Amino acid sequence: EAKKIPPIRPIVKVFKVSEIYKEFSEKVRAEISCDHTPPLTYSLFFEYLLNKALLYTKVKYSYGSRIIKTIEKLTQKTDFKICTVCGVLPAILYDNGDKLDVKDNNAEDRLCPYCAIKRLLKGKVISNVVQKLDLLISQYKWRFPSTSELAMLNFAYHMKDEVRNLVSTDSSEEIGVKEDWINKLFETPAIAENYCKCYSGNKEACEKLVILDKENLKKYGNLYFAIVKANGDNLGKLWKGILLSKEGKLMTLKEYLNTVLGYLKEIGYTIELDVNKVEDEIKDARKKLYNTNENLESVPITMSYAYTLSRTLTMQAIVDKQLLEENRAYPIYLGGDDILALSPVRYMDKFVVLDSVKKTREAYWEYSDNPNTEFDGFKSFNGIVVDSLRTYGRSYALFIAHYRDPLTMSISLANYYLELKDEVIRTDDIRVEGEMNKTEKNEIKRKDVLFVSSGRGMAKLEFSALKMSEGNKIELQFIDLINSIDEKIRNKDLSRSFIYDSLALEDYAVLACDKANLYTEIYQSLVKRTVSRNAKNDKVSESVLKMISQITDLGECIIVKDKVKEAYLNMISSLADLF
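Numbering (our numbering), first residue to last: 4 to 582.
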């Protein structure tokens, strides 16, 4: 029965290719010559077929729609509680640690019907169900860490070192017990949860811990983890054949044809082709096929073009998985252009989540597992070389979430921030003679942005926004600046007050965005004063200021949903969220 009626309703579009071909032929009305050579316009058939396949009603089923009557019944009561896991539906069951109960009993986890079932579907149960449905692919046992484990991963790393240092003072038996305990911290949610509670001041949780080093827990413990969300910019434009030229402008059909002919000539092939005639034929055919003048300049979507895109996305997903796992992140979904992953904020004291962002963004345009085969615009992996999606960038959202917050809500917030990429206007793109309100903006180059935010709930939707490229060049040096300032704060070369003193300059930073000399000079002077006041000595102050000047131009801004964001303060705000 489960095979016949899946829990997720798939949307499948089915049509006969022969019927679409007949329809296509009647519209273009091009004759095949005596030598059976198809007319040039027939190269548009796959494009036409693809457009037909994508014409379907896009339906979203509301979360919980299948149990709407139960929800209505529960919410009529005034004392109903919301599920602590999804944060969406009302709770009907309560998890007391050892069993699910219909009574509250001050349980920490309240579960809706869906989350209760998922809680019961442990790995072994799922494996048995999948096996009975004849869907088992392998016996590989997978496990995803809990949010408490992710939050405490940096502490677990330091505790492993601590246990190893005890060898000289403890008996081998005691060492074995303690090593086993710390190993379990990486894979047992209950232990990590108790460390989180103890970190928060829960004495009862502290008493349950076999190993408790309060000093290390205070220094390395954390209650927050990171959600990494990424999405390739303008992927829809790529599937429509809308490309950019080297100058960053939309490539016309004529420019594309001349580029292809130029490349063929470079490799020794000379083809006599009337570019103007070919351009006119393709445009005329598109007008007949779609009854519109839109997208006449786009590159024809042939099977080889679609295959190249598909192959590139597949390779990118493989590379993303490797890079994320190298930086202790746990991928949930990888779609080539898309990423959804969970990560500790820190591991081995480093902001590993920033390393995940940096490495995967660099790999989106260029990657090689062999330094001898690095080429801009290509990916090389296990001896296979494929194209990169070099035309457009990839935007990221980094949300620092509390381990106890409903994961569904936290991921929704990450989605919200990522969708803001369509609202970004860069002042370097739109500024005209120092005026931010007059300009022509480049619609294509507005994206490729990293959004960073943190917090609990949805009361305060504050964020920072950092551009990840400038024109055709990737620019991720701001990550180096954030890491460097973090290191100086941890080494006490720079006071932690530096972060909050810098954020207090926001009003001056916004005024400096207009690039009016007076405001810019005042802002620059205040930044220097803030650095020197919080630095351990002049040497530290000079090194920080030098790094700031090398990485960013004070007063450079972007606008997101009418909010002006100055680049340098965005970096400091991101650091505050990561702390």
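Even for Gly, the Cβ is constructed at its ideal location relative to N, Cα and C.
Just so we're clear, the structure is a prediction, and the values are computed from it rather than from any experiment.
- Out of 452, 459 and 546, the CA that lies nearest to the CA of residue 488 is found in 546.
- Here the alpha carbons of residue 457 and residue 555 stand approximately 23 Å from one another.
- Runs of the alpha helix (DSSP H) lying entirely within the stretch 293-361 and spanning at least 4 residues, in chain order: 306-329.
- When secondary structure is reduced to three states using DSSP, residue 289 falls in the helix class.
- DSSP, reduced to helix, strand and coil, places residue 459 outside both helices and strands of the structure shown, so it counts as coil.
- Here residue 477 carries a strand assignment [DSSP, helix/strand/coil].
- Counting C-beta pairs with one atom in each stretch, the stretch 149-158 and the stretch 209-229 have three or more that are closer than 8 Å, which means they touch.
- For residue 420, same chain residues with a beta-carbon under 7 Å away, outside a window of 5 residues either side, are 400, 402, 454, 456 and 466 in chain order.
- For residue 365 and residue 318, the gap between their C-alpha atoms comes out near 14 Å.
- Taken atom to atom, the span from the alpha-carbon of residue 50 to that of residue 248 is near 22 Å.
- DSSP places residue 428 in the strand class (E or B) of the three-state scheme.
- Apart from sequence neighbours up to five positions away, the residues of its chain that approach residue 534 with a beta-carbon distance below 6 Å are 544, 547 and 548, ordered along the chain.
- Taken through DSSP and simplified to helix, strand or coil, residue 385 comes out as coil.
- DSSP places residue 122 inside the alpha helix (DSSP H), whose first and last residues are 116-123.
- Between the beta-carbon of residue 303 and that of residue 47 there is about 6 Å, and that keeps the pair under the 8 Å contact cut.
- For residue 392 against residue 370, the beta-carbon gap comes to about 12 Å, at or over 8 Å, which does not count as contact.
- For residue 149, the secondary structure class from DSSP, reduced to helix, strand or coil, is coil.
- Scanning its chain for C-beta atoms nearer than 7 Å, with the 5 sequence neighbours on each side dropped, one finds around residue 529 the residues 508 and 511, in chain order.
- Taking a C-beta distance under 8 Å as the contact criterion, residue 500 and residue 537 qualify as a contact pair.
- Measuring C-alpha to C-alpha distances from residue 208 to each of 197, 395 and 215 identifies 197 as the nearest.
- Membership of residue 402 in the beta strand (DSSP E) is indicated by the continuous run 397-405.
- For residue 521 and residue 559, the gap between their C-alpha atoms comes out near 15 Å.
- For residue 515, the closest C-alpha among the options 240, 526 and 215 is that of 526.
- In the DSSP assignment, the residues bridged to residue 113 are 97.
- Counted as a single uninterrupted DSSP element, the beta strand (DSSP E) harbouring residue 567 occupies residues 566-569.
- With a contact defined as Cβ atoms closer than 8 Å, residue 84 and residue 113 qualify at about 5 Å.
- Around the beta carbon of residue 15, a 10 Å sphere encloses fewer than 16 other beta carbons of the protein chains shown; the residue is thus reported as exposed.
- Per DSSP, residue 235 is one residue of the beta strand (DSSP E) stretching across 227-235.
- Per the coordinates, the alpha-carbon of residue 43 lies some 12 Å from the alpha-carbon of residue 305.
- Under DSSP, residue 390 takes part in a beta bridge, and its partners are 381.
- In the DSSP assignment, residue 507 falls outside any alpha helix (DSSP H), carrying neither H nor E.
- DSSP places residue 468 inside the beta strand (DSSP E), whose first and last residues are 467-470.
- Around the CB of residue 239, fewer than 16 other CB atoms lie within 10 Å, so the residue is classed as exposed.
- The residue from 492, 301 and 204 with its alpha-carbon nearest to that of residue 252 is 301.
- Of the residues 327, 412 and 93, the one whose Cα lies closest to the Cα of residue 82 is 93.
- Residue range 560-563 is occupied by the beta strand (DSSP E) that includes residue 563.
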